[in-house]
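Read top to bottom, the protein sequences are chains A and B. Everything in the first sequence is counted per my numbering, starting at 1 for the first residue and increasing by one. Everything in the second sequence is counted per my numbering, starting at 297 for the first residue and increasing by one. All residues carry an ideal CB built from backbone N, CA and C; glycine is no exception. Following: one structure in structure tokens, then a few remarks.
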Amino acid sequence: MPAWLDTHGISLLNGLAIGSLLFILAVGLSLIFGMMDVLNLAHGVLFLTGAYVAWWIAGEAPSWPGFLGALAIAGAIGALAGTGLALVIERLARRSHLDQALLTLGLALIAGDALSAVFGNDVHTINPPAGLDGSVLVFGKAYPVYRLALIGLGAGLAAVVHLVVERTPLGALVRATVADRHMVLSAGVDDRKVKLVVFAVGSLLATTAGVLGAPVYGARPGLDGTVLILALVVVVIGGLGSVRGALVGALVIGEIESLGRALLSNLASFVLFGALAVVLVVRPRGLFGAATGARS
Amino acid sequence: MNRLAPWGRLVPLAMIVVLAAAPLALGTYATTVLTRILVFALLAASLDLLAGITGLASLGHGAYFGAGAYAAGWVAVHATPSGPVTLAAAVAVSALVAGVAGSVAVRARGVFFLMLTLALGEIVEQLAQSWHGVTGGSDGLYGIPAPHLAGAVLADVRWLSWYVLAVFIAGMAVIRGIVASPFGAALRGIRDNEARMRALGYRTYLYKLAVFVIAGALAGLAGGLLAAQQRLVTPADLGFATSAPVLLAVIIGGEATPWGPCLGAAVVVVLRDVLGPSLGGHGSLVLGLVFVAMVFLVPGGLARLRRGVGT
């Protein structure tokens, strides 16, 4: 085992770091989908917006004020964009969910094109902020401190989101809406505000993940599609509207992307497909998906 | 369609005559665009079997198109440039890929199906990117020879256009046949009320898997034509960059209408390939705007189109 860890410990840690990022990205997608059946295909573009904001505000070698400033600005943009999306989709409330998904797809294409018009088609790399840009010895190899920090931050955020959803009145309303939105409406709760808040917070988390992920993935055209797909797979595996599911799904996909690629190289794509297939056959609603609620 | 019965038969015939005569009048570039429209129209019509007839809107249909294109290109480069052989390889490989992906995808419905097909399509694209030995990775598969047919080499754009038109007509005939068959009626039943079809004793999973494989195989046929026309296959041909426009084509043209998806395909190809470059490469911007406009401007939602446009 120690010999195995020596060889693959780094990949294992990388998987955890990617998983942390994916959790921050996917939990919003999952809650929005679980609560409203809205598949937000603009979620990936929000991530990319965060990454570009990090490069634009903080530059290639960010200082701490720059990095924190980028986080704040990206968060604000995310919250605004999320609110806007929620309002636009509310106008289509009587339409099919397919129309809503196609609307977000159209908006994602427009936003993606606008981003590459503003920031060009170059690949921008961003360093971690000062102090986190070094590396430490892990399993006898140098490992970037920033990724360890990401793992810590991911764990912290997962705990916060879990507490908010499981222990607060707002979280109770969110869970109730995921379980049976018609019952929530029948009980006389106006769920529009909750939807707005969840959409705004979910989008804020997506842009935040973009800033945090910038030192790992950089910022480039096409990144939005890549992360959107990973987030979708996370949600399918974890189950819609489940925080725990998003966490487990994100860690599974993170490890497949990192450890899987290290061990199996090209076969990792098949492992990704295999994981999807197994979960869908054994548990069609995902590992932690709710058994109730309208899903069509 | 019944209302237009006398015209219903004449219009497609007239269209075929016009399409066959067009390369004689058009220049090289316009003929190439026309050929690309025919390829894309067959792809859109194959997606309509899923999205329009069965009610399973897919955002990963490019995967089977691309799988067919790679298969045809690989056979043409490494084995034989014979047109029918490359197309047969395209259909076989794309049917196989669609069978594997479909066995997972058709367990879902609605938006969930959209999401799954998107993820599956992207996995196929990843594979095309990383499987260097066969696909050439991100450089793509290039150096594909022009198709051979009965001893002739179809290098001339006109002959290629007629070759593509002939396969397009055959593909459309298969699609029309399926739609008109009892199998097609069962698919529409599944779209309108799946629970009821199951209660009537239909094994809906098998029906959905079958139509997924058929649609994938026909998309692969279109992909085989793409390889012959473009002589180059890249991962973009099977990714989101193909899957999104083809779904848009089906929606623009009107789902479950006989010729709507083909009209939609023409609009999309002209927007993307002809007008796109003159707009400074903002093809995806135009595509996005059309998507948003379609959702907002078509009164009563996109489903309304089912009885709208089309002959």
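Chain-ordered chain C contacts of residue i [CB-CB under 8 Å]
i	result
A:L98	Of the protein chains in this structure, namely A and B, none is chain C.
8 Å contact criterion, which residue i and residue j should meet: CB distance rounded
i	j	result
B:Q525	B:L456	6 Å
B:D501	B:V402	As written in the sequence, residue 501 of chain B is Tyr, which differs from the Asp given in the question. Indeed they touch by this definition, with Cβ atoms about 6 Å apart.
A:L280	B:V400	6 Å
B:A337	B:F536	20 Å between Cβ atoms; not a contact.
B:G362	B:P443	Wrong, their Cβ atoms sit about 18 Å apart, outside the cutoff.
Buried versus exposed call for residue i [16 or more other C-beta atoms within 10 Å across all chains shown]
i	result
B:T530	buried
B:G596	Low local confidence applies: a pLDDT of 47 at B:G596 is under 50, so the model's placement there is unreliable, with the coordinate-based value given in what follows. By the 10 Å Cβ count, B:G596 comes out exposed.
A:E255	buried
A:E60	exposed
B:H428	exposed
A:P215	buried
B:W370	buried
B:N298	Interpretation of B:N298 is limited by its pLDDT of 47, a score under 50 that renders its predicted location unreliable; the figure taken from the coordinates is listed afterwards. The residue in question, B:N298, is exposed, as its Cβ has fewer than 16 Cβ neighbours within 10 Å.
A:D6	exposed
A:R91	exposed
A:S30	buried
B:A434	The identity of residue 434 of chain B in the sequence shown is Ser, whereas the question assumes Ala. Label assigned to B:S434: exposed.
A:I264	What sits at residue 264 of chain A in the sequence shown is Leu, not Ile. It counts as exposed.
B:Y325	exposed
B:S580	buried
B:N489	exposed
B:T327	buried
B:A589	exposed
A:A142	exposed
B:H374	exposed
A:W55	buried
A:G274	exposed
Proximal residues to residue i (C-beta, below 7 Å), its chain only, five neighbours per side dropped
i	result
A:S258	S11, N14, G15 and I18
A:R175	V165
B:T431	Y366, A424 and L437
B:D344	V546, E551, A552 and P557
A:L107	A42
B:V475	I349
A:Q100	V38, I89 and L92
A:V145	L132, G134, S135 and V136
A:K195	M35, M36 and A86
Cβ pair residue i, residue j closer than 8 Å
i	j	result
A:A250	A:A26	yes
A:A70	A:I57	yes
B:A470	B:L514	Reading the sequence as shown, one finds Val at residue 470 of chain B and not Ala. Yes, Cβ-Cβ distance for B:V470 and B:L514 is below 8 Å.
A:A51	A:Y217	yes
A:V227	A:G44	yes
B:Y282	B:A482	Residue 282 of chain B cannot be examined here, being either before or after the span of chain B that is shown, 297 to 607.
A:L85	A:T104	yes
B:L346	B:F508	yes
B:L521	B:V335	yes
B:T382	B:A394	no
B:V582	B:L593	no
B:M468	B:A318	no
B:V329	B:V563	no
A:I73	A:L205	no
B:G364	B:G485	no
B:A561	B:I312	no
A:V276	A:V236	First, the amino acid is wrong: residue 276 of chain A is Leu here, not Val. Going by C-beta atoms, A:L276 is nearer than 8 Å to A:V236.
A:T168	A:L46	no
B:G512	B:S390	yes
B:A368	B:G519	yes
B:L534	B:A359	yes
A:A159	A:L48	no
B:G356	B:L450	no
Close beta carbons around residue i, own chain, < 6 Å, minus the five adjacent residues each side
i	result
B:A404	L412
A:R147	A17
A:G34	V178, L240 and G241
A:G154	S20 and F23
A:S351	There is no way to answer for residue 351 of chain A, as the model of chain A reaches only from 1 to 296.
Own chain, CB closer than 8 Å to residue i, minus 5 neighbours either side, in chain order
i	result
B:R305	none
A:F302	With chain A represented from 1 up to 296, any question about residue 302 of chain A goes unanswered, as that position is not in the structure.
A:T292	Note that A:T292 scores 41 on pLDDT, short of 50, meaning its location in the model is unreliable and no value can be drawn from it.
A:S63	P129 and A130
B:A532	T538
B:L320	R454
B:L598	With a pLDDT of only 48 at B:L598, under 50, the local geometry of the prediction cannot be trusted, and no value is derived from it.
B:L505	G395, G398, S399 and V402
A:H8	L259, A262 and L263
Any non-hydrogen atom of the ligand COA within 7 Å of residue i CB
i	result
A:F33	Here there are no bound small molecules, and the ligand COA is not part of this structure.
Problem set entry | In chain order, each alpha helix (DSSP H) run of at least 4 residues that lies wholly inside the segment 135 to 187 of chain A | Every unbroken stretch of the alpha helix (DSSP H) spanning 4 or more residues and falling wholly within the segment 135 to 187 of chain A is given here in chain order: 145 to 167, 169 to 179 and 181 to 186.
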